[in-house]
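K.L.:
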Amino acid sequence: MRRFRVKIDDEVFEVEVEEIGQGAERQPVVSTPVARPSQPPAASQKPVAAPKPAAAPVPQAVQAGSGAVTAPIPGVVTEVKVAAGDNVKKGDILLLLEAMKMQNEILAPYDAAVTEVLVSQGATVQTGDVLIRLDR
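This is the structure in structure tokens:
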């Protein structure tokens, strides 16, 4: 019989393991938690607050004043729903962009005419890539 000390999620267990030879029966192992002595923190060590991470900028689908609809996240274009010359209303779906196994709808930010579609189905895009150009 062999004894082992096993640590699982900061809890220590002592277990006994029996080697099984030919003809030996298996028996369940019973474990007993072992208390760990707690160590008080040293007086000279004071907890230091971790710096707060900077807030990530919210990606914008349209560059201000340019009429360019850009990719807010990297992904693959799964469907283009508009073509050059189409008129769209605010909130209309322009295309579907798959990222992390989720379909994301890229919507028209305002009423406009589609002047140019720069991507096609299956295209891989990165954050900030121009997908479609609109003209108010």
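Take the sequence shown: its letters are residues 0 to 135, numbered as in numbering that gives the first Met the number 0.
No residue lacks a Cβ here, since even glycine has one placed at the ideal position from N, Cα and C.
Give, in chain order, every unbroken run of the beta strand (DSSP E) that is at least 3 residues long and sits entirely within the segment 67-107.
P.N.:
Entirely contained in the segment 67-107, the beta strand (DSSP E) runs reaching 3 residues are, in chain order, 67-69, 74-79, 92-98, 101-106.
K.L.:
Is the beta carbon of G121 less than 8 Å from the beta carbon of V68?
P.N.:
For the purposes of this step, residue 121 is taken as residue 122 along the sequence shown, with counting starting at 1. For the purposes of this step, residue 68 is taken as residue 69 along the sequence shown, with counting starting at 1. Cβ distance not < 8 Å, so G121 and V68 don't count as in contact.
K.L.:
What three-state label does DSSP hand L117 in the structure shown?
P.N.:
Counting from one through the sequence shown, the residue named residue 117 turns up at place 118. L117: coil per DSSP, three-state reduction.
K.L.:
Mapping DSSP to helix, strand and coil, what is E18?
P.N.:
The count along the sequence shown starts at 1 and reaches residue 18 at position 19. DSSP places E18 in coil when its eight states are reduced to three.
K.L.:
Would you list the residues sitting across from A112 in a DSSP beta bridge?
P.N.:
For the purposes of this step, residue 112 is identified with residue 113 of the sequence shown, where counting begins at 1. N86, D134.
K.L.:
Return the residue from the list V16, V14, L94, R135 that minimises the CA-CA distance to P71.
P.N.:
The sequence position of residue 71 within the sequence shown is 72, counting from 1. Checking every option, the nearest Cα to that of P71 belongs to L94.
K.L.:
Please go through the same chain and pick out, in chain order, the residues whose beta-carbon is closer than 8 Å to the beta-carbon of E78, but skip the five residues on each side of it.
P.N.:
On the sequence shown, residue 78 is found 79 positions in, with the first residue counted as 1. Hits under 8 Å: L94, L95, Q120.
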